[in-house]
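In the numbering used here, the protein residues as written are 631 to 753.
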């Protein structure tokens with residue numbers, strides 16, 4: 631079996647991808663049995679290719695699923711945690727621009743009562 635290309639996988643439906651995944655897993659099982667029983671070197675070296683192909687199929691399945699979910703939640707108020715941007719914990723917890731710009735009533739009154747002084751300085 632030749633290596634599976636991700637661009638070819640993206641055009642397939644989910645049912646086709648699952649079927650191909652089952653075939654690849656079955657082939658991997660047969661190759662592992664051949665390895666234990668002392669099979670040919672060509673079969674043993676094929677194990678890595680099959681494992682990588684399985685990973686590619688699983689990656690394409692998860693990417694298409696996430697893309698569909700992003701489309702579903704696009705106009706909703708909240709996003710699921712796994713679809714939100716990761717960033718860092720500190721960035722996620724800091725105040726938003728709006729929250730930073732809000733002033734308390736006491737601060738507003740103080741600024742009105744004592745405005746910033748303007749000096750006419752000649753150079």
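Think of the CB as a built atom: it goes at the ideal place given N, C-alpha and C, for glycine as much as any other residue.
query	result
Anyone know if the C-beta pair for residue 661 and residue 673 falls short of 8 Å?	yes
Identify every run of the beta strand (DSSP E) within the region 677-731, keeping only runs that are complete inside it and at least 3 residues long; order them along the chain.	none
Got a sec, what are the start and stop residues for the alpha helix (DSSP H) residue 746 sits in?	Segment: none, residue 746 is in no alpha helix (DSSP H) and carries neither H nor E.
Taking the CB atoms as reference points, tell me whether residue 680 and residue 647 lie closer together than 8 Å.	no
Please go through the same chain and pick out, in chain order, the residues whose beta-carbon is closer than 8 Å to the beta-carbon of residue 688, but skip the five residues on each side of it.	651
Please state if the CB of residue 700 and the CB of residue 634 are separated by a distance shorter than 8 Å.	no
Closest by CA to residue 592, which one among 656, 658, 676, 693?	What is shown of the chain runs 631 to 753, which leaves residue 592 out entirely.
Check whether the Cβ atoms of residue 711 and residue 703 lie closer than 8 Å to each other.	no
According to DSSP, is residue 669 helix, strand or coil?	coil
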